[in-house]
Structure formats: structure tokens, C-alpha cells
Amino acid sequence: MQITLVRHTAVSPEWQVICYGNTDIPLADTFAEEAPRVAAQIDLSLYDRILSSPLSRAFKLAQHCVPKETSIEVDDRLKEMNFGDWEGKHWNSILEKEQEVSAFFEYFIDQPAPRGESLRDLARRVADLLDELYTSGAQRVLLFSHGGVINAVRAMAGRITLQEAFAQILPYGSVTTIDLEELIHIDQIKL
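Mapping to our numbering: the sequence shown position 7 is 11, numbers consecutive.
Structure follows, in C-alpha cells:
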């Protein structure tokens with residue numbers, strides 16, 4: 005199975021200083037210029053299934069790239085990481101909580117933000133989706149999603165480690181293709 009992962013386009017500038025992982029936020033005014041460039045990189049005739057995160061920043065791009073008569077499956081497992089109590093808050097106010105922030109950034113693979121999910125939690129839900137897609141018999145799958153989800157898949161493919169996940173976020177509008185043969189089980193990821 006081959007998986008093509010598409011990261012949403014740029015978010016509205018005022019949100020770039022806000023923790024917005026699982027929060028539904030608006031895209032930048034540049035969407036009209038960015039979306040056609042992304043669409044030009046995708047040959048829709050290749051894909052058995054097309055899925056998207058329900059968050060509008062990913063789903064809007066999917067709707068732009070995919071003709072109306074083509075089905076887009078929405079799956080919550082493609083949502084960005086849930087930062088719990090930090091969602092929708094300015095990063096400066098989050099950074100004031102030194103103990104919480106230190107614990108999270110020191111152990112973010114297994115330490116969630118308060119009432120959020122850890123990076124390993126995110127990776128496990130994404131692995132569950134990939135297992136389901138594989139057993140469905142799909143050969144080529146197109147996924148519209150987010151930086152954290154894409155990096156979880158890249159880690160499963162051995163392209164990065166989970167430890168590098170926050171430092172190696174791909175650009176907005178990036179298109180990444182990974183073959184199933186590259187994927188390893190989540191528990192085997194070298195941290």
C-alpha cells in the first residue's frame with residue numbers, strides 16, 4: 005500500500021502564536037494561491053481511497069483538490085494532536101506554567117499536555133487507521149491531515165524519530181508519499 009499525506013495550507017497569521025492542535029481554526033487569506041499549487045502535485049486517478057481530517061483547515065484543502073463527485077471519507081484519527089487545556093491559548097500564557105511545560109517538552113513522547121494526548125497516543129491512533137486501511141485492501145490512499153499526523157507516519161517509516169517530530173514539521177501544503185514496506189510497528193520506533 006502506498007500512502008500520500010497532504011498537510012493543510014497556511015493558517016491565519018493571528019493563530020500562529022496560539023496553541024491550536026485539535027482546535028478548528030481558519031486558514032490564511034493565501035489559501036486561494038496555495039491550494040492550486042498543492043492540487044497540481046496530486047494525480048487523483050492513482051487513489052483507491054481519499055480521507056481527510058474533519059478539521060476545516062485540512063478538509064477545505066481536500067474539497068479543493070478532489071472533484072465533488074469523488075467521495076472524501078472523514079476520519080477523526082487524522083486530527084492533529086490534542087493539546088488539552090492548552091488548546092486555544094497564547095503560547096506566552098502556556099509558557100508561564102513552567103512545571104507543566106517542562107514536563108511536557110522533556111517527555112512529550114509519553115507526557116501529554118494537561119487533559120491532552122501524548123505524541124505516542126497520536127501515533128497509536130494513526131497506526132490504527134493505517135492498519136485498517138491496509139486490511140481493507142486499498143493499494144493507494146490519499147490523506148489530508150496535519151503536521152503531527154504526518155510526522156507520526158514518517159516516524160513509523162523510519163524517516164524521523166518521534167523525538168524529532170516537533171523539530172521536523174513539514175511545510176504547509178507539503179505532499180509526502182510513503183510505501184507500506186517502509187512502515188514499522190509503532191512499538192518498534194527507535195526513540
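Heads up, the beta-carbon is just placed ideally off N, CA and C, and yes, glycines get one too.
For residue 147, the enclosing beta strand (DSSP E) begins and ends at 144-149. Closest in alpha carbon position to residue 72, among 54, 112, 88, is 54. In the DSSP assignment, residue 77 forms a beta bridge with 55. Here residue 15 is actually not in contact with residue 95; their C-beta atoms are around 14 Å apart, not less than 8 Å. For residue 179, the secondary structure class from DSSP, reduced to helix, strand or coil, is strand.
Under DSSP, residue 6 takes part in a beta bridge, and its partners are 144, 183.
Membership of residue 16 in any alpha helix (DSSP H) is not indicated, and neither H nor E is assigned to it by DSSP. By alpha-carbon distance to residue 18, the top candidate from 7, 103, 33, 10 is 33. For residue 68, the uninterrupted alpha helix (DSSP H) segment begins and ends at 60-69. Note: residue 11 is bridge-paired with 149 in the DSSP secondary-structure output. Taken through DSSP and simplified to helix, strand or coil, residue 113 comes out as coil.
For residue 31, DSSP records a beta bridge to 15.
Of the residues 47, 166, 51, the one whose Cα lies closest to the Cα of residue 137 is 51.
Around the C-beta of residue 99, fewer than 16 other C-beta atoms lie within 10 Å, and the residue is accordingly described as exposed. By the criterion of at least three beta-carbon pairs nearer than 8 Å, the segment 55-62 is in contact with the segment 24-40.
In the three-state DSSP reduction, residue 22 falls in the strand class (E or B). Contact between residue 187 and residue 161 holds, with the beta-carbon distance rounding to 5 Å and staying under 8 Å. For residue 135, the enclosing alpha helix (DSSP H) begins and ends at 123-139.
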